[in-house]
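Report on the following structure.
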Amino acid sequence: MAQPKLTKTRQHVAIGEGLALGCLAVGIQGLSTNQLTLDQGFRYAWPRWDSSRRFPNVNVGVKYNDIRSILEKSGRRQGQPVAAFRVEQGQGFVPYLRNGIHSVNDAAARLEEETGVPLTAWKALAELTAKGLI
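Here it is in structure tokens:
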């Protein structure tokens, strides 16, 4: 099956949603808000994540990395995002399901329909990102 073509904005939204779902699914309660730490974790994860090539408009370089912007904007996105992050004092970027979404599996099914990326892949991205934070 051909994978859907996503705009740059939709790729960013999907990464925010998927990473939030992955974190929720594997029990990661929050990601660091420290720019250098977060960038390092995502730079570690991205080349190791099997689905990264589906999101060519996500920058993950040393000089510019989109992840902090993606996470900061995720909670303010309009439309029907299934999951997002919010900043909580002492916990960093905390993942949560958006209004009207009742389970990680339901949210993941909706996101997979649009992106072609299953929950197992989002869990892998979350775990790789967390591993890179250490």
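Quick note on the working numbering: the sequence shown kicks off at 14 and runs consecutively.
Where a beta carbon is used, it is the ideal one built from N, C-alpha and C, also for glycine.
All figures in this text were calculated on a predicted structure; none of them were measured in a lab.
Practice problem: Return the CA-CA distance between residue 48 and residue 79, expressed in angstroms with no decimal places. | Solution: Within the sequence shown, residue 48 is the residue found at index 35, counting from 1. Within the sequence shown, residue 79 is the residue found at index 66, counting from 1. The straight-line gap from Cα to Cα measures roughly 11 Å.
Quiz item: Does the Cβ of residue 25 have 16 or more other Cβ atoms within 10 Å, making it buried, or fewer, making it exposed?
Solution: Walking along the sequence shown from the start, residue 25 turns up at place 12. Looking at its Cβ environment, which holds 16 or more other Cβ atoms inside 10 Å, residue 25 is buried.
Quiz prompt | Contact set for residue 125: own chain, Cβ-Cβ below 8 Å, skip 5 residues either direction | solution = On the sequence shown, position 112 is the one that residue 125 refers to. Taken in chain order, the residues that qualify are 131 and 132.
Practice problem: List the whole-angstrom C-beta distance separating residue 122 from residue 111, where the pair is believed to meet the contact cut-off of C-beta under 8 Å. | Solution: Start at 1 with the first residue of the sequence shown, and residue 122 comes out as number 109. Start at 1 with the first residue of the sequence shown, and residue 111 comes out as number 98. No, residue 122 and residue 111 are not in contact; Cβ-Cβ is about 14 Å, not under 8 Å.
Quiz prompt | Inter-residue Cα distance where the pair is residue 50 and residue 44 | solution = For the purposes of this step, residue 50 is identified with residue 37 of the sequence shown, where counting begins at 1. For the purposes of this step, residue 44 is identified with residue 31 of the sequence shown, where counting begins at 1. Using only the alpha carbons, I get a separation of about 9 Å.
Exercise. Could you tell me which uninterrupted alpha helix (DSSP H) segments, each at least 4 residues in length, are contained entirely in the region 31-71, listed from first to last along the chain?
Key: 48-58
Quiz item: Ends of the alpha helix (DSSP H) at residue 123?
Solution: One-based indexing of the sequence shown puts residue 123 at position 110. From DSSP, the alpha helix (DSSP H) with residue 123 extends over 117-128.
Practice problem: Would you check if the distance between the CB atom of residue 127 and the CB atom of residue 38 is smaller than 9 Å? | Solution: Working through the sequence shown from its first residue, we reach residue 127 at position 114. Working through the sequence shown from its first residue, we reach residue 38 at position 25. Cβ distance not < 9 Å, so residue 127 and residue 38 don't count as in contact.
Self-check item: Spatial distance of residue 138 from residue 35 (CA atoms)
Solution: Mapped onto the sequence shown, residue 138 falls at position 125. Mapped onto the sequence shown, residue 35 falls at position 22. Rounded to the nearest angstrom, the two C-alpha atoms are 7 Å apart.
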